[in-house]
Structures are given as structure tokens and as C-alpha cells.
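I have placed the structure first, in the form of C-alpha cells, so that the comments after it can refer back to it.
Below, the structure written as C-alpha cells:
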């Protein structure tokens, strides 16, 4: 478990303006932000978002950046029905609204081109930081993506994944059958096939806790070195 | 600056929560790598100052006597859990039993390679414990069982899961998240999340 050095400079709150609030799947939106002080980020980093109510009450949350290193800041947020912040971001936020952010943050769940062939495994909106990573891919660092979603409707970045001819892509649906996708949970045989195809040096897994636990235990059980596995869990 | 249209949850007159935190009833799992699965019978932990060392297993740890602690705890990813019961052996008790020297810094290590650092006094003069149970049940592997460190007054990444070693040293050595952009100390009440906070 090695990590890069901490960058210099202070990590303070700044105002960022919403450029676009894009509906991806109905329940997931990508919020594109303009921030004149934004410094280039690494694939896989996150930002903190802070909202302030009229009485001064504040709520803050961490969201992975879904934009690649060459792009400006964007987060892809799934609406949690009883949530406090995500319903606002998905349903209420409009272009030219301002929110406070700080970041980019994080030096572990990040990816750089010198890391070589990489397999990305995402569940639900856990695909967000993985999208930032595949945007950074190079010829020298091929990538594979395994993505588990409940339904076809909820597959985020579907078009991008379909068009990415240079990537190994397998999308699984757990709650419905669909001609374009695999049916059922990501199992050991799916993982073996992807590892055979991509020959990854690193595997990034992000998604709901149960998904990440299941996938990472299967990988360790298959003999993958735990040090080659980076995980990010939510919920 | 108010955020247009944002109201937030209804305010409750609940217990004090550190700045930037929200209260959750869940106990989310956050780990940088895969969960470690270690049998109680195989678990061992070493307390060392570099010269004197003592190694504990499940029985010899329990022989020191466990206490219950009802407390709140706070994760840097913004959630706080209120009023949970933890069971474990106070770090001060293990420290005394091991007979190690009170150097200024402690480096904590986990099975799987995770590390975290904190001042020795935060292990000895607060509620820090070597925890073996949560809400009366054995700690699950995902939550750091069979044995984890629990330091409720600092952000939860200091509470290393699958505890394997506590090393007391003269020199401070930053741990895993402390080298990856997170705060060296991590006091939730001063909102010390990231390196420059």
C-alpha cells in the first residue's frame, strides 16, 4: 500500500458555477462545474460539496469526479430517495447556480498512465470515478470495464461504453434481461474472462458495499494479490 | 452564501454533531482494499517500542479485562453515528501490561498493510480501546474484526481495522491516509479532514 506525497497549498472552499446539469438515466445526473481556480485533477479523485440553507445550516458530502484529467470538474450523482444532498443536486440544481466545492482530493483511489493495464469494476453509480479513469487510458495502458447495473435504464455512460472499441467492456444487468447486456451478477467466470483479456496490473472496484465485498473476495479467492486491488465503497 | 433552493433536512435539537457531519443510522464500511478475514484463533497483535515487545492473542488480550464504552464516532466521509456501545480493552491497560516506553508517537499497523499514526497521548489519555465487539456482537470482518483499534475522538480512519501492531516511536511516521492527502491528526471538532485543514 504505497501512496504519493501530499500536494502543497491549502485546500479551501470555493464557489463553482453550474454549467450544465445533465440527466444521464433519470436517477443519475452529471453536474458540470465551472471553477476559475480549478487545478488539473488526477483520475479517481473526489471533491467535497457544501450546500447552505437560508438559516445558515450547511450540509457537505464527498463525490467522486467523473471527468477525466483533461476535463473540467464534473460529478455524477445518483439520487438517494431519502437523501439530503443528492436529491437537491439531481432535481433542483440549475445552470448558473453556485455551490461550494473543495478539491480535488485524494491520493489513493487514483490512476496514472504509468500504472499499466487496468481492470475497472463498478456497481451502480460507483462507475463515476471509473469513468474518470477510463478517460485517461492510453495505448500503453489498455483498460477493461465490468459494470453492474440493476436495469438497462440505469446504465450510466452507456453510449460512451458502447463506442469505446479499444476497451474490453461487459455490462451486467441484475434485475432484467436485455439483448445488449449480460444477465445476472458479476461472478468468478466473468472476472476470469476479463482478467484473461486485459491482463491487469491493477484492479479498481467501486460501488455499494455489498457489491465491492463480493467482487473483491472473489478476486482474492482467485489468487489476485490484494495489493493489486483498490476499492471504494459507499452506503 | 445560501445555495439557491436548498433547505436541508428538518433541524432537530439532537446531540451535538461536529461541523460538516450528518447523522446516520447505518454503519457504512470504508476500506482502501479488500476485507481481511482472520480467525479469532489466528489473530495476534504486537505492542512494541522497538526494544521491548509483547505479543497478544485473543485469550491474553481478554485476560486484561474488557470494558463497555457508549460513544459517538465520526467518519471523514461526513457521517456520524451516535450512541453506540463498543467493547474492548483500554489501550492504556495494554500499554501498561506490555511495559513499553512512552515515546511521543504511535504507528498502528493492520493485517493487509494499512497504517495510521497518532500521538501516544491520544491512545493513553482518551477513550481509545482495542475493540472486540460492537453493540454486543463480535466485530464482523468488514468492520475490522476480530480486533480493531477504536479511537472515538478522532476521525474513524485512525481506528485501524484488523489490528496487528502498535509501535511507539520517537519519530513521527505518517500512515496510509496521512500520506494520501488526509490530515495528520484528524480532530472532527476542528474539522481536520485534509492536510491543510
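Protein chains in written order, with the working numbering: chain A, 205 to 439; chain B, 1053 to 1249.
Just so it is clear, CB atoms sit at the ideal spot from N, CA and C, and this is done for glycine as well.
Beta-carbon spacing of residue i, residue j below 8 Å
{"i": "residue 1214 of chain B", "j": "residue 1196 of chain B", "result": "yes"}
{"i": "residue 1234 of chain B", "j": "residue 1245 of chain B", "result": "yes"}
{"i": "residue 1225 of chain B", "j": "residue 1164 of chain B", "result": "no"}
{"i": "residue 251 of chain A", "j": "residue 308 of chain A", "result": "yes"}
{"i": "residue 419 of chain A", "j": "residue 321 of chain A", "result": "no"}
{"i": "residue 325 of chain A", "j": "residue 409 of chain A", "result": "yes"}
{"i": "residue 327 of chain A", "j": "residue 290 of chain A", "result": "no"}
{"i": "residue 440 of chain A", "j": "residue 305 of chain A", "result": "What the structure shows of chain A is the stretch from 205 to 439, and residue 440 of chain A is not part of that stretch, so it cannot be assessed."}
{"i": "residue 1069 of chain B", "j": "residue 1116 of chain B", "result": "no"}
{"i": "residue 430 of chain A", "j": "residue 1086 of chain B", "result": "yes"}
{"i": "residue 332 of chain A", "j": "residue 268 of chain A", "result": "yes"}
{"i": "residue 365 of chain A", "j": "residue 303 of chain A", "result": "no"}
{"i": "residue 1218 of chain B", "j": "residue 1158 of chain B", "result": "yes"}
{"i": "residue 1143 of chain B", "j": "residue 1175 of chain B", "result": "yes"}
{"i": "residue 426 of chain A", "j": "residue 406 of chain A", "result": "no"}
{"i": "residue 372 of chain A", "j": "residue 1084 of chain B", "result": "no"}
Contact set for residue i: own chain, Cβ-Cβ below 8 Å, skip 5 residues either direction
{"i": "residue 1155 of chain B", "result": "1101, 1172, 1220, 1221, 1222"}
Close Cβ partners of residue i (< 6 Å) along its chain, the five nearest in sequence each way excluded
{"i": "residue 1183 of chain B", "result": "1138, 1140, 1200, 1202"}
{"i": "residue 341 of chain A", "result": "347"}
{"i": "residue 1237 of chain B", "result": "1244"}
{"i": "residue 1229 of chain B", "result": "1209"}
{"i": "residue 339 of chain A", "result": "272"}
Span separating the alpha-carbon of residue i from that of residue j
{"i": "residue 432 of chain A", "j": "residue 423 of chain A", "result": "10 Å"}
{"i": "residue 294 of chain A", "j": "residue 400 of chain A", "result": "38 Å"}
{"i": "residue 367 of chain A", "j": "residue 1193 of chain B", "result": "40 Å"}
{"i": "residue 392 of chain A", "j": "residue 349 of chain A", "result": "15 Å"}
{"i": "residue 1249 of chain B", "j": "residue 369 of chain A", "result": "43 Å"}
{"i": "residue 1096 of chain B", "j": "residue 1161 of chain B", "result": "12 Å"}
{"i": "residue 286 of chain A", "j": "residue 235 of chain A", "result": "20 Å"}
{"i": "residue 343 of chain A", "j": "residue 1239 of chain B", "result": "44 Å"}
{"i": "residue 1122 of chain B", "j": "residue 1077 of chain B", "result": "15 Å"}
{"i": "residue 414 of chain A", "j": "residue 421 of chain A", "result": "11 Å"}
{"i": "residue 451 of chain A", "j": "residue 357 of chain A", "result": "Since the first and last residues shown for chain A are 205 and 439, residue 451 of chain A lies out of range."}
{"i": "residue 224 of chain A", "j": "residue 240 of chain A", "result": "16 Å"}
{"i": "residue 1169 of chain B", "j": "residue 411 of chain A", "result": "28 Å"}
{"i": "residue 301 of chain A", "j": "residue 229 of chain A", "result": "22 Å"}
{"i": "residue 1177 of chain B", "j": "residue 1190 of chain B", "result": "25 Å"}
{"i": "residue 259 of chain A", "j": "residue 216 of chain A", "result": "22 Å"}
{"i": "residue 1232 of chain B", "j": "residue 314 of chain A", "result": "10 Å"}
{"i": "residue 1060 of chain B", "j": "residue 244 of chain A", "result": "31 Å"}
{"i": "residue 374 of chain A", "j": "residue 380 of chain A", "result": "15 Å"}
{"i": "residue 1058 of chain B", "j": "residue 1119 of chain B", "result": "44 Å"}
{"i": "residue 1079 of chain B", "j": "residue 1112 of chain B", "result": "29 Å"}
{"i": "residue 390 of chain A", "j": "residue 398 of chain A", "result": "11 Å"}
{"i": "residue 218 of chain A", "j": "residue 242 of chain A", "result": "9 Å"}
{"i": "residue 1108 of chain B", "j": "residue 1133 of chain B", "result": "30 Å"}
{"i": "residue 209 of chain A", "j": "residue 382 of chain A", "result": "The predicted position of residue 209 of chain A is uncertain, since its pLDDT is 46 and thus under 50; a value taken from the coordinates is nonetheless stated next. Roughly 45 Å between the two C-alpha positions."}
{"i": "residue 249 of chain A", "j": "residue 310 of chain A", "result": "5 Å"}
{"i": "residue 238 of chain A", "j": "residue 345 of chain A", "result": "30 Å"}
Beta-bridge pairing of residue i - partner residues as DSSP gives them
{"i": "residue 422 of chain A", "result": "Paired residues: none, contrary to the question."}
{"i": "residue 1190 of chain B", "result": "B:1185"}
{"i": "residue 1158 of chain B", "result": "B:1170, B:1220"}
{"i": "residue 222 of chain A", "result": "A:237"}
{"i": "residue 262 of chain A", "result": "A:256"}
{"i": "residue 1109 of chain B", "result": "B:1096"}
{"i": "residue 1120 of chain B", "result": "B:1139"}
{"i": "residue 1133 of chain B", "result": "B:1125"}
{"i": "residue 315 of chain A", "result": "A:247"}
{"i": "residue 1202 of chain B", "result": "B:1181"}
{"i": "residue 347 of chain A", "result": "A:322"}
{"i": "residue 1146 of chain B", "result": "DSSP, once it has assigned bridges, lists no residue as partnering residue 1146 of chain B."}
{"i": "residue 375 of chain A", "result": "A:351"}
{"i": "residue 356 of chain A", "result": "Per DSSP, none; premise fails for residue 356 of chain A."}
Option nearest residue i by Cα separation, candidates the options
{"i": "residue 378 of chain A", "options": "A:421, A:396, A:355, A:395", "result": "A:355"}
{"i": "residue 363 of chain A", "options": "A:347, A:239, A:275, A:384", "result": "A:384"}
{"i": "residue 1055 of chain B", "options": "A:332, A:311, A:297", "result": "A:297"}
{"i": "residue 226 of chain A", "options": "A:264, A:302, A:278", "result": "A:278"}
{"i": "residue 329 of chain A", "options": "A:360, A:315, A:247, A:336", "result": "A:360"}
{"i": "residue 334 of chain A", "options": "A:243, A:318, A:273", "result": "A:273"}
{"i": "residue 1206 of chain B", "options": "B:1230, B:1125, B:1072", "result": "B:1125"}
{"i": "residue 1063 of chain B", "options": "A:248, A:261, A:232", "result": "A:261"}
{"i": "residue 1114 of chain B", "options": "B:1210, B:1131, B:1092", "result": "B:1092"}
{"i": "residue 276 of chain A", "options": "A:312, A:232, A:319, A:220", "result": "A:220"}
{"i": "residue 1150 of chain B", "options": "B:1216, B:1104, B:1204", "result": "B:1104"}
{"i": "residue 1073 of chain B", "options": "B:1094, B:1131, B:1204, B:1098", "result": "B:1131"}
{"i": "residue 1053 of chain B", "options": "A:214, A:318, A:257", "result": "A:257"}
7 Å CB neighbourhood of residue i in its chain, flanking five on each side removed
{"i": "residue 1082 of chain B", "result": "1127, 1129"}
{"i": "residue 288 of chain A", "result": "263"}
{"i": "residue 1212 of chain B", "result": "1160, 1162, 1166, 1168, 1200, 1201"}
Check: residue i C-beta below 7 Å from any heavy atom of the ligand SAH
{"i": "residue 280 of chain A", "result": "Ligands are entirely absent from the displayed structure, and the ligand SAH is therefore not among its contents."}
Could you please tell me which residues of the segment 1122-1134 of chain B, in chain order, have their CB closer than 7 Å to any CB of chain D? Protein chains A and B are contained in the structure displayed, whereas chain D is not.
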